[in-house]
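A.B. asks: My numbering numbers the first residue of the sequence shown as 9 and each following residue consecutively.
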Amino acid sequence: MAKDLAKLSINMATVQEQWNLAQCLDGFARHGIGGIAVWRHRLAEVGLKEAARMIRDSGLAVSGLCRAGYFAANDAAGRQRALDEFRQAVDEAATIGAACLVAVAGGLPEGSKDLAGTRRQVWEGLAKVVEFARAAGVRIAIEPLHPMYAADRCCINTMTQALDLCDALGEGVGVAVDCYHVWWDPELQRGIGRAGKTRLLAFHICDWLVPTRDLLLDRGMMGDGVIDLPLIRGWMQAAGYDGMAEVEIFSAENWWKRDPDEVCRIAVERYQSAV
Ligand code: ZN
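1) Closer than 7 angstroms by C-beta to LYS11: which residues in its own chain qualify, once you throw out the five before and the five after it? Chain order, please.
2) Does the ligand ZN have even one heavy atom less than 6 angstroms from the beta-carbon of ASP186?
3) Could you tell me the alpha carbon to alpha carbon distance between GLU100 and GLU53, rounded to whole angstroms?
4) Checking the sheet assignment: what are the DSSP bridge partners for GLU254?
5) In whole angstroms, what separates the C-alpha of VAL234 from that of HIS154?
6) Rounded to a whole number of angstroms, what is the C-alpha to C-alpha distance between LEU123 and GLY40?
7) ALA260: which of LEU223, ASP175, GLY119 and MET62 sits nearest, CA to CA?
8) Shorter than 7 angstroms from the beta carbon of THR126 to some beta carbon of chain B?
9) Identify whether TRP164 lies in helix, strand or coil by the three-state DSSP scheme.
10) For LEU109, list the residues DSSP reports as bridge partners.
11) Measure the alpha-carbon distance for GLN96 versus CYS187 and round it to whole angstroms.
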């Protein structure tokens, strides 16, 4: 039986070189896709109020707002900036009705080799914003990123780490399961089960290409790589996840160079056949 396209979302990053917010909303709707994930700088381009109106008028659901975090810094002023920024992102997520605000922890501060200390700063940072997010009705989705990004993007690298944070932070905090980042983890199935329905806040899909030519910008379309997406999707469903599947593909040399309507068409096809 065909999957419901109302449960399919596309992250704007997937066509970021081709379409702006208005074009994404129009294009995704034209392809029958039910949702969109939005980046904060795209909201800034058109202004938050206007962006919220455009999104509302499109009828698309917002599977997530990308992103805030990068908590660790070498001084108190830097850490404070991150917290201010995070609270602003919470307000934006509330304004556009995002299903979650994606939290990316950030990596080591410049010059630092203190990974444990950096992780502690992330913990402390999240603890300082969680109440604000709760009050705004915005769910924080901690996204573990593949360990290859531990230095510069995200020092939270496994579901276990993310869920330990969730346990400590309590209500309103969960995880974004991005297959690209966690597919390799032998604890993944257990992590998804441990998260459970209330803490599984997002499901990001794409594929891992072999070989991968660029660690950031060579993600594959679902079905073109080695990730067993139906297996992981099954684990998500078994754990009670009933949110959207969000296509998130950073692909400088392939998908960003294609006709965006073709990207949407193929994403819909692969959602049906390879997820
Ligand atoms: Zn993601």
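Beta carbons are placed, not taken as given, at the ideal position from N, Cα and C, and that holds for glycine.
Note that the structure is a prediction, hence the values are computed from the model and not measured.
C.D. replies: Based on what the coordinates show:
1) TYR279 and GLN280
2) yes
3) 13 angstroms
4) SER17 and HIS212
5) 15 angstroms
6) 44 angstroms
7) LEU223
8) Protein chains in the displayed structure number just one, and chain B is not present.
9) The residue you asked about is not Trp; residue 164 is Ile in the sequence shown. DSSP, reduced to helix, strand and coil, places ILE164 outside both helices and strands of the structure shown, so it counts as coil.
10) LEU73 and ILE148
11) Spanning the alpha carbons of GLN96 and CYS187 requires a straight line of approximately 28 angstroms.
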